[in-house]
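Colleague: Could you have a look at this structure, given as structure tokens, before my questions?
Numbering (my numbering), first residue to last: 10 to 354.
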């Protein structure tokens with residue numbers, strides 16, 4: 010991975026703002042810039058932080074990851090024992106920094122408060138999207154890893170096509186997806202969705218002990234993580250003959266995919282694709298049953314920018330990877346959703 014080139018882009022960003030340093034807290038941004046892959050258990054327990062200046066770069070972590078940090082060729086390791094503020098404050102004073110940018114979405118209020126207490130003379134400014142915007146455009150190796158993650162997710166769907174049937178429970182099928190995700194990859198990109206019957210009217214339903222029934226639709230939304238990169242695919246399975254309304258909705262969702270895909274090209278407005286789908290659904294009187302946007306970016310996280318929404322003011326860029334996932338949901342009856350990954354190459 011081109012970690013040195015990615016680091017230089019952040020350093021150029023800092024120079025354009027007159028210097029200072031960027032504190033990186035997001036585990037995905039940390040991995041993208043440094044290749045440091047340990048995951049955070051929660052916001053309260055971090056595996057490490059990056060401190061980047063226009064000339065230098067540091068990886069701050071605790072003794073659990075001492076060896077991994079020592080092996081990093083681009084970031085100088087700083088091992089702390091008591092916490093971030095205790096390690097960062099003397100380093101910032103040593104570097105003579107007067108300005109610190111931090112990722113406002115990922116740095117907890119408690120850590121920020123401790124930093125301000127330790128560094129009262131340093132101006133601290135919250136920022137967002139600095140690294141995420143870099144992550145939007147995938148390089149060839151990232152594209153390869155995403156396609157590999159997608160291939161493994163497709164393999165799971167093939168297996169499920171033979172195994173999903175009346176009499177099994179949603180939770181049983183979800184456990185099967187988890188098992189296959191670890192067998193074929195590094196695990197799931199996200200907790201799988203298995204939503205049957207009327208529960209399929211909930212786009213993000215959680216698997217339950219509900220038994221799959223003949224004559225109903227089952228939405229299965231899953232992804233596999235491969236070397237850190239996430240796939241995301243959705244299929245709707247019909248168990249026997251389903252209500253005509255769901256069957257019509259399925260064909261309409263497939264038509265929406267065919268309509269939107271040619272509009273998802275580098276240089277085209279992001280909003281166009283979702284607006285076209287909404288126009289189709291409005292024409293058929295089901296716009297009120299379309300409960301989300303058309304898709305989202307994919308990469309080290311399963312939900313990345315750009316959101317594929319009619320509200321977007323952006324244009325697609327070469328190298329982006331996004332999902333295309335129209336869905337229709339009918340309370341008390343069920344729903345259908347089909348999802349593909351789209352590579353803007």
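Built from N, CA and C at the ideal position, the CB exists for glycine as well.
Taking three-plus beta-carbon pairs below 8 Å as touching, is the stretch 149 to 160 in contact with the stretch 227 to 238?
Modeller: As far as the Cβ criterion goes, the stretch 149 to 160 touches the stretch 227 to 238, which means the pair count is three or higher.
Colleague: Tell me, please, whether the stretch 201 to 209 touches the stretch 106 to 121 by the rule of three or more beta-carbon pairs shorter than 8 Å.
Modeller: no
Colleague: Leaving aside the five residues before and after residue 95 along the sequence, list all residues of the same chain whose C-beta is less than 8 Å from its C-beta, in chain order.
Modeller: 89, 127
Colleague: Using the Cβ count rule (16 or more neighbours within 10 Å means buried), how would you classify residue 191?
Modeller: exposed
Colleague: Rounded to a whole number of angstroms, what is the C-alpha to C-alpha distance between residue 264 and residue 219?
Modeller: Approximately 30 Å between the Cα atoms of the pair.
Colleague: Please report the distance separating the alpha-carbon of residue 102 from that of residue 346.
Modeller: 54 Å
Colleague: Can you check which of these residues, 273, 20, 141, is closest to residue 313 by C-alpha distance?
Modeller: Selected option, being the one with the closest Cα: 141.
Colleague: Please list, in chain order, all residues of the same chain as residue 18 whose beta carbon is under 8 Å from its beta carbon, the five residues on each side excluded.
Modeller: Same-chain partners within the cutoff: 143.
Colleague: Quick check: what's the CA-CA separation for residue 273 versus residue 147?
Modeller: 16 Å
Colleague: Rounded to whole angstroms, what is the Cα-Cα separation between residue 336 and residue 87?
Modeller: 48 Å
Colleague: What are the boundary residues of the alpha helix (DSSP H) that residue 288 is part of?
Modeller: 279 to 292
Colleague: Contact between the stretch 277 to 290 and the stretch 314 to 326 is defined here as three or more beta-carbon pairs at a separation below 8 Å; is this criterion met?
Modeller: yes
Colleague: Tell me which residue opens and which closes the alpha helix (DSSP H) that residue 36 is part of.
Modeller: 36 to 43
Colleague: At the level of alpha carbons, what is the spacing between residue 179 and residue 109?
Modeller: 48 Å
Colleague: Using only CA atoms, which one of 58, 221, 83, 251 lies nearest to residue 97?
Modeller: 58
Colleague: With DSSP as the reference, identify every bridge partner of residue 194, one or two as the case may be.
Modeller: Paired residue(s): none; residue 194 is not in a bridge.
Colleague: Helix, strand or coil for residue 316, going by three-state DSSP, please let me know.
Modeller: Three-state result, residue 316: strand.
Colleague: Please confirm whether residue 74 and residue 99 have their CB atoms less than 8 Å apart.
Modeller: The Cβ atoms of residue 74 and residue 99 lie no closer than 8 Å to each other.
Colleague: Taking 6 Å as the limit between beta carbons, can you name the residues of its chain near residue 352, skipping five residues before and five after?
Modeller: 330
Colleague: Measure how close the beta-carbons of residue 112 and residue 34 come, nearest whole angstrom, since I'm counting them as under 8 Å.
Modeller: 5 Å
Colleague: Mark residue 299 as exposed unless 16 or more other C-beta atoms lie within 10 angstroms of its C-beta, in which case mark it buried.
Modeller: buried
Colleague: CA-CA distance, residue 354 and residue 326?
Modeller: Rounded to the nearest whole angstrom, the C-alpha separation of residue 354 and residue 326 is 9 Å.
Colleague: Is the separation between the beta-carbon of residue 226 and that of residue 255 shorter than 8 Å?
Modeller: yes
Colleague: The beta strand (DSSP E) spanning residue 75 covers which residue range?
Modeller: Taken as a continuous stretch (DSSP letters only), residue 75 belongs to no beta strand (DSSP E), being part of the alpha helix (DSSP H) at 75 to 79.
Colleague: When the Cα atoms are used, what is the spatial distance from residue 223 to residue 188?
Modeller: 25 Å
Colleague: Can you look up residue 170 in the DSSP assignment and give me helix, strand or coil?
Modeller: helix
Colleague: Please determine, among 186, 309, 55, 305, the residue with the shortest C-alpha to C-alpha distance to residue 323.
Modeller: Taking residue 323 as reference, the option from 186, 309, 55, 305 with the minimal CA-CA separation is 305.
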